[in-house]
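So this is what it looks like as structure tokens:
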């Protein structure tokens, strides 16, 4: 295990949650065979069941008073892990030991019923969290006040906005008198004012020495609160580490997946048309050093490198390559072409340079079309096979930056 | 035995009591929400149903002319059967219907089934009070045997709960069960002496058939209740079947409850993934 913290020896009593070699498999039947008739008519026929391994050999320890994060991309097993910790799922293999009382909720507002009023829902949700009616009575005013919903308590929940529902749910949830809290993506909703309130509450809970397990996509939140983080990918435990290291791992994950997505998309996903006699194989952006990159800072030279194949066009046929650089809203930014360069079909590689470009912050896509010299026939046109981003420190808006000068007249 | 103790103490733990209470109260609130007469319906509905049945079975089909207090006798049967249908049918759907809860929070799942049967049970008690009122008005002479009623009500509840637990757990995997159960109950309605007197069976068919019918807990409870509350001339399991075998329905009640509870417990670990 990676979390031996130097000289601080961890004793059993300091551990809030101990996860040892946890595996979780789900059986996904290919053809859902849930009717008795099917079973009776073909009792011997085995349904083809696909085992989905949601968690593979996950082990870690969460110390008491720790703010522990679980991060990973969609489908990485985060929520499954949280549900295993919350004892909603039984692990297929391995064990989870909980030391202390645990708030059993995973999501805010469990048991909320849209047909009941806010008041009634407080009692319902309170019961879910283990409060008796008396206890809810005692904390009722506090809950309503914190949620800032004094005027709405006798309205049905279905008439609440989603933000109001979350506020109400959160106000009840944080009153759970347990040692360990499990929180799944709460801060995604609510306005900034309420989010600040949540932050304050988290800090308070942390100071009270409660153990908090927090699942999030948002690395900024994770970095701000968590003492340690487990990074999951495809059910595997990639690392159990400090948030700063987890951040690096997490962005690597996202990067590599985007890269593979882009590669597959450059093969077949983008829109393409034309006669196909002369085609564009590859479009990449490069720096002035010649290195492939898709990230540029403002004013940095941008090169667009294209390679082509001649499929059935005769030798030395004249052609023109036209490019279109579009912004995030698909608006045309620049549309250069090679009319003045005189290209012919023996050409295989071409670089278009933008020297000291005036492009502002943003993501730009490239489309490439190969025409005959009169622009009447398109040999090949590919729409947005690749894109690049420009970033820099500026307060100016718009797609381009131009030298500007303000003069005070009066 | 110690497991049984923890089960009982869990059942009455603070959290579970609060949860059970909220589930039952919510169920009641939602059932009568937006209706002008509200809770009054929980009394008006059985009252209306009684009216219809009373007319049909005392004026048109006169099965029970030779039975003392036949209207009350009949109503008691209908009330009991309505409870059994409501409790088991509700329990059957309960786990699947509450899937959203089960997938998000860890709590003893039997609370869901119990809350469903308790809602039906409250309706049953209200209806029973109307039957009692009706009996008083029509001049039924209550004897000391009415003291058996609480025990019989308890037996009825436990049997229904046992069946309900088993159905609820089975339904998670076999969704055909709801339809099968409905048809089965339709048949059972006529297999149990609810709208016809047991004596009809003995007179027109054979004593053996009556004996078989009287061995199931529902028939036994029904006839015992009639004996205890309507007329002591009612035939009971003991008056139809000879001694050791006559205990069968009572034993069956506990066997069903224990088996249902055990099966439910074993299956409940995986409800969160299967509902």
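Chains as they are written, first to last, in my numbering: chain A, 431 to 840; chain B, 13 to 287.
Positions of the beta carbon are idealized from the N, C-alpha and C atoms, including for glycine.
From the options, pick the residue whose C-alpha is nearest to that of residue i; which is it?
i: residue 512/A; options: 803/A, 563/A, 642/A and 562/A; result: 642/A
i: residue 728/A; options: 831/A, 576/A, 681/A and 705/A; result: 831/A
i: residue 750/A; options: 580/A, 555/A, 803/A and 547/A; result: 803/A
i: residue 847/A; options: 631/A, 609/A and 724/A; result: Because chain A spans 431 through 840 in this model, residue 847/A falls outside it and cannot be assessed.
i: residue 79/B; options: 93/B, 44/B, 217/B and 207/B; result: 207/B
i: residue 808/A; options: 591/A, 457/A and 703/A; result: 703/A
i: residue 37/B; options: 76/B, 156/B, 272/B and 51/B; result: 51/B
i: residue 731/A; options: 772/A, 769/A and 781/A; result: 781/A
i: residue 150/B; options: 233/B, 66/B, 44/B and 35/B; result: 66/B
i: residue 822/A; options: 811/A, 790/A, 518/A and 770/A; result: 790/A
i: residue 274/B; options: 177/B, 49/B and 154/B; result: 177/B
i: residue 45/B; options: 510/A, 545/A, 483/A and 508/A; result: 545/A
i: residue 539/A; options: 659/A, 593/A and 530/A; result: 593/A
i: residue 442/A; options: 811/A, 485/A and 493/A; result: 493/A
i: residue 834/A; options: 547/A, 805/A and 788/A; result: 788/A
i: residue 505/A; options: 484/A, 491/A, 489/A and 639/A; result: 484/A
i: residue 138/B; options: 73/B, 153/B, 57/B and 182/B; result: 57/B
i: residue 607/A; options: 569/A, 667/A, 756/A and 581/A; result: 569/A
For the alpha helix (DSSP H) holding residue i, just list the boundary residues, first then last.
i: residue 442/A; result: No alpha helix (DSSP H) holds residue 442/A; DSSP gives it neither H nor E.
i: residue 84/B; result: 82–109
i: residue 524/A; result: Where residue 524/A is concerned, there is no enclosing alpha helix (DSSP H), although the beta strand (DSSP E) it sits in stretches over 523–528.
i: residue 286/B; result: 283–286
i: residue 633/A; result: 622–637
i: residue 762/A; result: Element bounds for residue 762/A: not the alpha helix (DSSP H) but the beta strand (DSSP E), 762–764.
i: residue 749/A; result: Not the alpha helix (DSSP H): residue 749/A falls in the beta strand (DSSP E), residues 748–756.
i: residue 273/B; result: 260–280
i: residue 66/B; result: 53–67
i: residue 235/B; result: 229–241
i: residue 162/B; result: 161–185
i: residue 782/A; result: Unbroken run through residue 782/A is the beta strand (DSSP E), 779–784; no alpha helix (DSSP H).
Would residue i count as contacting chain A if we go by Cβ distances under 8 Å?
i: residue 118/B; result: yes
i: residue 42/B; result: yes
i: residue 167/B; result: no
i: residue 245/B; result: no
i: residue 285/B; result: yes
i: residue 95/B; result: no
i: residue 31/B; result: yes
i: residue 26/B; result: yes
i: residue 38/B; result: yes
Can you give me the Cβ contacts of residue i inside the same chain, cut-off strictly under 7 Å, excluding the 5 residues immediately before and after it?
i: residue 537/A; result: 614
i: residue 694/A; result: Caution applies to residue 694/A, whose pLDDT of 42 falls short of 50 and renders its modelled position unreliable; the value that the coordinates give is listed next. Nothing meets the Cβ criterion.
i: residue 180/B; result: 103, 104, 106, 107, 125 and 276
Does the CB of residue i have a neighbour CB from chain B at under 8 Å?
i: residue 692/A; result: In this prediction, residue 692/A scores a pLDDT of 44, lower than 50, which makes its location untrustworthy; the coordinate-derived value is nonetheless stated afterwards. Cβ-Cβ to chain B under 8 Å: no for residue 692/A.
i: residue 563/A; result: yes
i: residue 557/A; result: yes
i: residue 482/A; result: no
i: residue 696/A; result: With a pLDDT of 40 at residue 696/A, under the threshold of 50, the predicted position of this residue should be treated as unreliable, though the coordinate-derived value follows. Chain B, which has no Cβ nearer than 8 Å to the Cβ of residue 696/A, makes this no.
i: residue 546/A; result: yes
i: residue 573/A; result: no
i: residue 466/A; result: yes
Please confirm whether any heavy atom of the ligand PLP lies closer than 7 Å to the CB of residue i.
i: residue 444/A; result: Of the ligands one can find in the structure shown there are none, so the ligand PLP has no counterpart to examine.
Might you give, ordered along the chain, the residues of its own chain that have their beta carbon closer than 8 Å to the beta carbon of residue i, omitting 5 neighbours on each side?
i: residue 715/A; result: 722, 723, 724, 726, 732, 733, 734, 735, 796, 816 and 818
i: residue 697/A; result: In this prediction, residue 697/A scores a pLDDT of 41, lower than 50, which makes its location untrustworthy; the coordinate-derived value is nonetheless stated afterwards. So the list is empty, once near-sequence residues are dropped.
i: residue 481/A; result: 455, 456, 457 and 458
i: residue 652/A; result: 499, 501, 644, 646, 659, 673, 676 and 677
i: residue 218/B; result: none
Return the chain-ordered list of same chain residues with a C-beta closer than 6 Å to the C-beta of residue i, the five sequence neighbours on each side being excluded.
i: residue 742/A; result: 707
i: residue 173/B; result: 129
Within the continuous beta strand (DSSP E) that includes residue i, where are the two ends?
i: residue 491/A; result: 479–493
i: residue 667/A; result: 666–671
i: residue 154/B; result: Premise fails: residue 154/B is in no beta strand (DSSP E) and is neither H nor E.
i: residue 658/A; result: 658–663
i: residue 714/A; result: 708–716
Please name the residues in the segment 444–461 of chain A whose beta-carbon is closer than 7 Å to at least one beta-carbon of chain B, in chain order. Answer in chain order: 456.
Short of 7 Å Cβ to Cβ, which residues in the segment 772–794 of chain A face chain B? Answer in chain order: no residues at all.
Output, in sequence order along the chain, the residues in the segment 585–613 of chain A whose CB is closer than 7 Å to any CB in chain B. Going along the segment 585–613 of chain A in chain order, one finds no residue with a Cβ nearer than 7 Å to chain B.
Scan the segment 744–771 of chain A for residues whose Cβ lies nearer than 8 Å to a Cβ of chain B and list them as they occur along the chain. Against chain B - using a Cβ distance shorter than 8 Å - the segment 744–771 of chain A contributes no residues.
Give, in chain order, every residue of the segment 175–196 of chain B whose Cβ lies closer than 8 Å to some Cβ of chain A. The residues in question are 185, 186, 187, 188, 189 and 192.
Of the residues that make up the segment 490–513 of chain A, which ones have a beta carbon closer than 9 Å to any beta carbon in chain B? Within the segment 490–513 of chain A, the qualifying residues are 513.
Near-chain A residues of the segment 270–283 of chain B (beta-carbon distance less than 9 Å), N- to C-terminal order: Listed in chain order, the positions of the segment 270–283 of chain B with a beta carbon within less than 9 Å of a beta carbon of chain A are 281 and 282.
Mind checking the segment 105–137 of chain B against chain A and listing, in chain order, the residues whose C-beta falls within less than 9 Å of any C-beta there? For the segment 105–137 of chain B, the set of positions with a beta-carbon nearer than 9 Å to some beta-carbon of chain A reads 112, 113, 114, 115, 116, 117, 118 and 119 in chain order.
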